[in-house]
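Chemist: Structure incoming, see below.
Numbering (my numbering), first residue to last: 21 to 142.
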């Protein structure tokens, strides 16, 4: 399963989410989008899912801290104890033995980060 993971500010616009998604996903076939559980039901994220015709995966913050991220953000570390929310949710939602296909990218307005991960079966 290939998942695009998102970290974003609550005031982010749909265009910002799409900008980060397009940068991170490129031509990769994505199976779903993920974010931290507290933001998964926000209207803007549901709009993104509808626009992309993708299911949403809500990731519990507890599942973030065990993920090995490539990037590091002071805000992510302070709030969630993880280097990159986008990378961690992509890894957690894509399943066991997941690996990043794309490290986090940042939208042009710096409101959204997105990363892509793929899970591998045992």
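The beta-carbon is built from N, C-alpha and C at its ideal position, and this holds for glycine as well.
The structure displayed is predicted, hence computed values, not measured ones.
1) In angstroms with no decimal places, state the Cα-to-Cα distance between residue 29 and residue 71.
2) How far does the beta strand (DSSP E) with residue 62 in it extend, from its first residue to its last?
3) Given a cut-off of 8 Å, decide if residue 45 and residue 105 are closer than it, judged by their beta-carbon atoms.
4) So, at 7 Å on beta carbons, what are the nonlocal neighbours of residue 124 in its own chain, with the 5 sequence-adjacent residues on each side left out?
5) Can a CB atom of chain C be found closer than 8 Å to the CB of residue 130?
6) Quick one, are the C-beta atoms of residue 39 and residue 127 less than 8 Å apart?
7) Quick check on this structure: which residue in 120, 61, 84, 68 has the alpha carbon closest to the alpha carbon of residue 140?
Modeler: On the basis of the data shown:
1) When rounded, the distance between both Cα atoms is 19 Å.
2) For residue 62, there is no enclosing beta strand (DSSP E), since its DSSP letter is neither H nor E.
3) For residue 105 and residue 45, no; Cβs fall outside 8 Å.
4) Excluding positions up to five away in sequence, the list reads 91, 104, 106, 107, 133, 134, 135.
5) Among the protein chains of the structure shown there is no chain C, as only one such chain exists.
6) Yes, they are a contact pair.
7) For residue 140, the closest alpha carbon among the candidates 120, 61, 84, 68 is that of 120.
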